[in-house]
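Numbering (the numbering used here), first residue to last: 1305 to 1406.
First comes the structure, then the notes that go with it.
Laid out in structure tokens, this is it:
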């Protein structure tokens, strides 16, 4: 193989690698932008939709509370419902976490 052919092959390989590096950098930048956009969306979603409703409900009004919760929140949306009872009073705190919808 003559020297000019070797140089030509070397230059072509070098150009190919250079283009591949540029493409990788572009792809990484794109992925980073997409990730940042998704993070922003998620933060906005948590601010708006991941609502924690704290209702203090007495034992005798339990049924009324159940009907109110059913009116405002569908069972499909609800991810987790936890009920905590305080020792001092007979009131209960209900925390409702709503599922994400994209």
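Don't be surprised by glycine CBs; every beta carbon is placed ideally from N, CA and C.
query: At the level of alpha carbons, what is the spacing between residue 1309 and residue 1319?; result: 15 Å
query: Within a Cβ cutoff of 7 Å, which residues of the same chain sit near residue 1322, ignoring the five residues on either side of it in sequence?; result: none
query: Go ahead and pull the three-state DSSP assignment for residue 1307.; result: helix
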